[in-house]
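Visitor: Residue numbers (our numbering): 814 to 1202. Think of the CB as a built atom: it goes at the ideal place given N, C-alpha and C, for glycine as much as any other residue. All values reported here derive from a predicted model rather than from experimental measurement.
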Amino acid sequence: MPNADKLPAANARTARPEWAAARRIVVKIGSALLVDRATGILKSDWLATLMDDVAALTREGREIILVSSGAIALGRHSLKLPKGPLGLEQSQAAAAVGQISLAHAYQEFARARGLTAAQILVTLGDTEERRRYLNARHTIECLIALKAIPVVNENDTVATTEIRYGDNDRLSARVASMVSADCLVLLSDIDGLYTAPPGSNAEARRLDVVTEITPEIEAMAGDAGTELSKGGMKTKIEAGKIARGAGCDMVISSGKVMNPLRAIAEGAPVTWFLAPSDPVTAKQRWISGQLEPKGVIHVDAGAEKALASGKSLLPAGVTAVTGTFDRGDAVIIRGPSGHEVGRGLVAYSKADAERIAGKRSADITAILGFSGRDELIHRDDMALNRALR
814 MPNADKLPAA
824 NARTARPEWA
834 AARRIVVKIG
844 SALLVDRATG
854 ILKSDWLATL
864 MDDVAALTRE
874 GREIILVSSG
884 AIALGRHSLK
894 LPKGPLGLEQ
904 SQAAAAVGQI
914 SLAHAYQEFA
924 RARGLTAAQI
934 LVTLGDTEER
944 RRYLNARHTI
954 ECLIALKAIP
964 VVNENDTVAT
974 TEIRYGDNDR
984 LSARVASMVS
994 ADCLVLLSDI
1004 DGLYTAPPGS
1014 NAEARRLDVV
1024 TEITPEIEAM
1034 AGDAGTELSK
1044 GGMKTKIEAG
1054 KIARGAGCDM
1064 VISSGKVMNP
1074 LRAIAEGAPV
1084 TWFLAPSDPV
1094 TAKQRWISGQ
1104 LEPKGVIHVD
1114 AGAEKALASG
1124 KSLLPAGVTA
1134 VTGTFDRGDA
1144 VIIRGPSGHE
1154 VGRGLVAYSK
1164 ADAERIAGKR
1174 SADITAILGF
1184 SGRDELIHRD
1194 DMALNRALR
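See below:
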């Protein structure tokens, strides 16, 4: 495979125990790894080694779900579309053509190894709406029980700009959350998270383990990268938040090697984002991992302390409201320093939330003209970050 790095013949490193213990693994594969940028052709040799790894892991009793990009990249080549950004209609047309080639490739490589591949196409709404989310989860669970390998991708042929995930880093994290995965693997063009861009900073250092996604960790992330890859380290950090919130470990590893999953098992340099050990309820997993936040509720120190003790969020502790949301939408809760405290389902629209922000719950009826809930966000509709649990 062009530009593929070779693994050392002998590697003194060993994989973390989280890898050995992971029974259900979601693997995200980006377009830049699957499709040659110059020719627009599938990198068959690399995909063959990846599927060798998948077959080996299934023989060990592991359950593998793949989240694969590549449809648009393959389709634009077949349609001879120009280089550069594509319009929505062109992207959807490319996806419609490329999806056939991509599904066929996975089917053939899986069949050659005694496996069955299954295609799952999802949109943002499939995880936003609770009933559709549960239906998608049950379908994937059924496929796994039948020993098939689900291959998930965003349904780009129907998703509009407003209802897209936009990148497969976050999509893969949502899938990992949906299926209660033990480990999420983000195969990347870089072998982990660095303290600075390694290509331009000689003092950049790769982090072996991240146990908390702090503002300092977020500051290390850059923006989106190549034309084929819509992600970048920033979206991987966001994926880490979703995965960790669902109790799933995440690892960023180089996909520029043959047998990239075997490389993790053999101790290749990577960055692990370890999930907290706190138990996560199904509803908390859905709130933290599946819903796109529509706004932000800023709270004072007193409210943050109350949330940490298990209390609901009352209007009195709210200092500001931003975004555009309706009753029942997911919102981010931020503390006085601007850090993310957690996420929750808000009981009021933005307009009403602004009117009662900073006010006593007893005054809600007089302010709004109707009797609503005392809590802006009830504790049962909230998923807090680990530091506050």
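Which runs of the alpha helix (DSSP H) fall wholly inside the segment 1077 to 1147 and span at least 4 residues, in chain order?
Guide: 1095 to 1103, 1114 to 1121
Visitor: Would you grab the beta carbon distance between SER1162 and PHE1138 for me? Rounded to a whole angstrom, and I think it's under 8 Å.
Guide: In the sequence shown, residue 1162 corresponds to position 349, counting from 1. In the sequence shown, residue 1138 corresponds to position 325, counting from 1. Indeed they touch by this definition, with Cβ atoms about 7 Å apart.
Visitor: Who are the near neighbours of GLN912 in its chain, counting only those whose CB is closer than 6 Å to its CB and skipping five residues on each side?
Guide: To locate residue 912, count along the sequence shown from 1; it is residue 99. Apart from sequence neighbours up to five positions away, the residues of its chain that approach GLN912 with a beta-carbon distance below 6 Å are ALA884, ordered along the chain.
Visitor: Alpha carbon to alpha carbon, how far is LYS1054 from GLU941?
Guide: In the sequence shown, the residue the question calls residue 1054 occupies position 241. In the sequence shown, the residue the question calls residue 941 occupies position 128. The straight-line gap from Cα to Cα measures roughly 17 Å.
Visitor: What did DSSP end up calling ARG850 once you bin it into helix, strand or coil?
Guide: Numbered from its first residue, the sequence shown carries residue 850 at position 37. Three-state result, ARG850: coil.
Visitor: Just list the residues that DSSP pairs ASN966 with in beta bridges.
Guide: As a working note, residue 966 is residue 153 in the sequence shown. Per DSSP, LEU934.
Visitor: To which residues does DSSP link CYS996 through a beta bridge?
Guide: Mapped onto the sequence shown, residue 996 falls at position 183. Looking at the DSSP assignment, CYS996 forms a beta bridge with ILE838, ASP1062.
Visitor: Using C-beta distances below 8 Å, list every residue in its chain close to VAL1134, excluding the 5 sequence neighbours before and after it, in chain order.
Guide: As a working mapping, residue 1134 is identified with position 321 in the sequence shown. If we look at VAL1134 and ignore the five residues flanking it on each side, its Cβ neighbours are GLY1108, VAL1109, ILE1110, HIS1111, LYS1163, ALA1166, GLU1167, ALA1170.
Visitor: Please determine, among ASN981, ALA1017, ILE957, ALA1179, the residue with the shortest C-alpha to C-alpha distance to LEU846.
Guide: Here residue 846 is taken as the residue at index 33 of the sequence shown, counted from 1. Residue ASN981 is the option with its Cα nearest to LEU846.
Visitor: Helix or strand or just coil, what does DSSP make of LEU984?
Guide: In the sequence shown, counting from the first residue as 1, residue 984 sits at position 171. In this structure, LEU984 counts as helix in the three-state DSSP scheme.
Visitor: From the DSSP output, which residues share a beta bridge with THR929?
Guide: Your numbering for residue 929 matches position 116 in the sequence shown. ALA961.
Visitor: Closest by CA to THR1024, which one among SER914, THR1084, SER882?
Guide: Taking the sequence shown and counting its residues from 1, one reaches residue 1024 at position 211. Nearest C-alpha to THR1024: THR1084.
Visitor: Quick check: the segment 907 to 923 against the segment 873 to 892, are at least 3 beta-carbon pairs closer than 8 Å?
Guide: yes
Visitor: Tell me the residue span of the alpha helix (DSSP H) that contains LEU863.
Guide: Working through the sequence shown from its first residue, we reach residue 863 at position 50. For LEU863, the uninterrupted alpha helix (DSSP H) run begins and ends at 857 to 872, by DSSP.
Visitor: Can you look up ASP1001 in the DSSP assignment and give me helix, strand or coil?
Guide: Residue numbering aside, residue 1001 sits at position 188 when the sequence shown is read from its first letter. Inspection of the sequence shows that residue 1001 is occupied by Ser rather than by Asp. In the structure shown, SER1001 sits in a strand (DSSP, three-state: E or B).
Visitor: Assign SER990 to one of three DSSP states: helix, strand, or coil.
Guide: The residue you call residue 990 lines up with position 177 of the sequence shown. Residue state, collapsed to three classes: helix.
Visitor: Considering only their Cβ atoms, is the gap separating GLY1130 from ALA1116 smaller than 8 Å?
Guide: What you label residue 1116 is simply residue 303 of the sequence shown in a count that begins at 1. What you label residue 1130 is simply residue 317 of the sequence shown in a count that begins at 1. Against a cut-off of 8 Å, the Cβ pair of GLY1130 and ALA1116 comes out as a contact.
Visitor: Run through DSSP, which three-state label would PRO821 get?
Guide: Locating residue 821 in the sequence shown gives position 8, where the first residue counts as 1. Residue confidence is low: PRO821 scores 38 on pLDDT, short of 50, so the model does not pin down where it sits. No coordinate-derived value is stated.
Visitor: Ends of the beta strand (DSSP E) at LEU1158?
Guide: As a first step, residue 1158 must be located in the sequence shown, where it is residue number 345. From DSSP, the beta strand (DSSP E) with LEU1158 extends over 1153 to 1158.
Visitor: Excluding the 5 residues preceding and the 5 following ARG889 in the sequence, name in chain order all residues of the same chain whose CB lies nearer than 6 Å to its CB.
Guide: Locating residue 889 in the sequence shown gives position 76, counting from the first residue. Hits under 6 Å: ALA907.
Visitor: What is the DSSP secondary structure of GLY1044, counted as helix, strand or coil?
Guide: Indexing the sequence shown from 1 puts residue 1044 at position 231. For GLY1044, the pLDDT reaches just 48, beneath the cut-off of 50, and the residue's location in the model is therefore unreliable, although a value from the coordinates is still provided. Coil, per DSSP.
Visitor: Three-state secondary structure (DSSP) at LEU947?
Guide: Locating residue 947 in the sequence shown gives position 134, counting from the first residue. Of the three classes helix, strand and coil, the one that applies to LEU947 here is helix, per DSSP.
Visitor: With three or more beta-carbon pairs closer than 8 Å as the criterion, would you say the segment 925 to 935 touches the segment 894 to 903?
Guide: no
Visitor: Hey, quick one: how far does the beta strand (DSSP E) through LEU879 stretch, first residue to last?
Guide: If you number the sequence shown from 1, residue 879 lands on position 66. Segment 876 to 881, the beta strand (DSSP E) holding LEU879.
Visitor: Is ILE1180 near VAL1159, with beta carbons less than 8 Å apart?
Guide: Here the question's residue 1180 lines up with position 367 in the sequence shown. Here the question's residue 1159 lines up with position 346 in the sequence shown. Result no, Cβ atoms of ILE1180 and VAL1159 do not sit closer than 8 Å.
Visitor: Where do the ends of the beta strand (DSSP E) carrying LEU1197 lie?
Guide: Here residue 1197 is taken as the residue at index 384 of the sequence shown, counted from 1. If you look at LEU1197, you'll find it in the beta strand (DSSP E) that goes 1195 to 1197.
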